[in-house]
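Peer 1: Quick note on the working numbering: the sequence shown kicks off at 1 and runs consecutively.
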Amino acid sequence: MSLAALPEPAVVLAETDWGALEHAYGTAEDTPAQLVALLDDDQRARSQALDHLHHVVHHQNTLYVATVPATLYVAGILHDPRTALPVDKRPHDFPGPMRAELLGWLNSVADAAGDQAEATMRRFGFPPEEYPPIVRTREIRPLLFSAVSACFDDYDLHVHEAALAACIPLLDDPHLHRHRKAVAPQLRETLAASALWQYQERAVEALSWWGEDTTGLKVRRNPFAWCDASPNPSADEWHLSPEDQADLPF
C-alpha cells in the first residue's frame, strides 16, 4: 500500500528550524535530541523520549507547529530495527515495543486532525482550516498512511494491531477513502477480535462509519476495570510529564 516517499529522518532533523517552532512548553529546541533518543540503546532514554512526544510535542491531544515535523520523523523511523526494542510500561499502557508505541502516537496525532475533531471544533466555533498545525497534519496523511500501512504485516501482533488502529483516522483523508475497502477485512478479522476492548471498539466504530457490515461484532469490555484500578494512582501511573506533575494541585 505504499503511496508516497517520506523525507529521510536525518533530513527532517537537519532541515527543520526547531528553534522557530513551538510545542506545549515553548520553543522546540529540545525536541531534536529527544527524537534521536527514541532509538537510543538505553531503555530509559527511549522511554523518556516517548514521554516527550506524548506530553510536550502532542500535549493533551493538541497539535502544535512542532508536531508536524516530529510526526514526519516518527513515521520515517518506524521500520528501523531499533523500534522493535522495549520501552518502560505503566499500568494500563498498551502492550508492545517502541514501534507499537510510535504507531499509537501517530494514531493520536491523526485523530486530532480527523473528521470527528473537525466536527467538534466547528461546533465550538473554531474552523480547523484556520489552525495551521491541523492543516499541515492533514496534508501529510498520505505520507503517514504509507508508513503505517507498511506495518500491517509486522510479525509482532501488538505492532500489527497498532498499525491497523492508526490507519483509521488517516483514512478520513478523502484521497485515501479508496483504501477503506482493502483495510476493512483486517479491521473485522484482527482488530475487532483483539484482546484489547479499545481496539475492538475502534474497529466496530470505523466499520460502521465506513458503511461496512458489523453483524456479530461485539465490544467485550472488562466490567471490573474500575475495580481493578489503583484507588490512589500516582503521577507515574497517570503517565504525567514532569511539567504536568508540577501543575497538580496536590
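Quick reminder that beta carbons are idealized off the backbone N, C-alpha and C, glycines included.
Helix, strand or coil for H23 per DSSP?
Peer 2: In the structure shown, H23 sits in a strand (DSSP, three-state: E or B).
Peer 1: Rounded to whole angstroms, what's the CA-CA distance from I134 to P9? Just pull it up for me.
Peer 2: Their Cα atoms are separated by approximately 21 Å.
Peer 1: Can you give the Cα-Cα distance for L106 and P169, rounded to whole angstroms?
Peer 2: Whole-angstrom Cα-Cα distance: 10 Å.
Peer 1: Leaving out five residues before and five after L102 in sequence, what residues of the same chain have Cβ atoms less than 7 Å from its Cβ?
Peer 2: V74, L78, T83, listed in sequence order.
Peer 1: Put P223 into one of helix, strand or coil per three-state DSSP.
Peer 2: Confidence in P223 is poor, its pLDDT being 46 and thus under 50, which makes the residue's placement unreliable; the coordinate value appears in the next sentence. Reduced to three states, the DSSP call for P223 is coil.
Peer 1: Only counting the same chain, and skipping five residues up and downstream in sequence, which positions put a Cβ closer than 6 Å to that of A173?
Peer 2: Here residue 173 turns out to be Asp, not Ala, going by the sequence shown. These residues qualify, in order along the chain: R141.
Peer 1: In chain order, what residues of the same chain lie with their CB nearer than 8 Å to the CB of Q43, ignoring the 5 residues before and after it?
Peer 2: L85, P86, V87, D88, listed in sequence order.
Peer 1: Going by C-alpha distance, which of Q34, P97, T137 is nearest D115?
Peer 2: It is T137.
Peer 1: Taking 8 Å as the cut-off, decide whether the C-beta atoms of A184 and W210 are in contact.
Peer 2: Cβ distance < 8 Å, so A184 and W210 count as in contact.
Peer 1: Does the distance from the C-beta atom of C167 to that of V159 stay below 8 Å?
Peer 2: Contact: no.
Peer 1: What's the C-alpha gap between A206 and Q186?
Peer 2: Taking the straight line from one Cα to the other gives about 12 Å.
Peer 1: Whole angstroms are fine: how far does the CA of L21 sit from the CA of Y64?
Peer 2: Rounded to whole angstroms, Y64 to L21 spans 8 Å at the Cα level.
Peer 1: So, P57 versus A66, is the Cβ gap smaller than 8 Å?
Peer 2: Before going on, a small fix: residue 57 reads as Val here, not Pro. Yes; because the gap between Cβ atoms is below 8 Å, this pair is in contact.
Peer 1: Does DSSP classify H58 as helix, strand or coil?
Peer 2: Note: H58 maps to coil in three-state DSSP.
Peer 1: Could you check if I134 belongs to the surroundings of the ligand GTP, using beta carbon to heavy atom distance under 7 Å?
Peer 2: The ligand GTP is absent from the structure shown, which contains no ligand whatsoever.
Peer 1: Which residue from S208, D213, V204, H55 puts its Cα closest to that of V219?
Peer 2: Closest option to V219, Cα to Cα, is V204.
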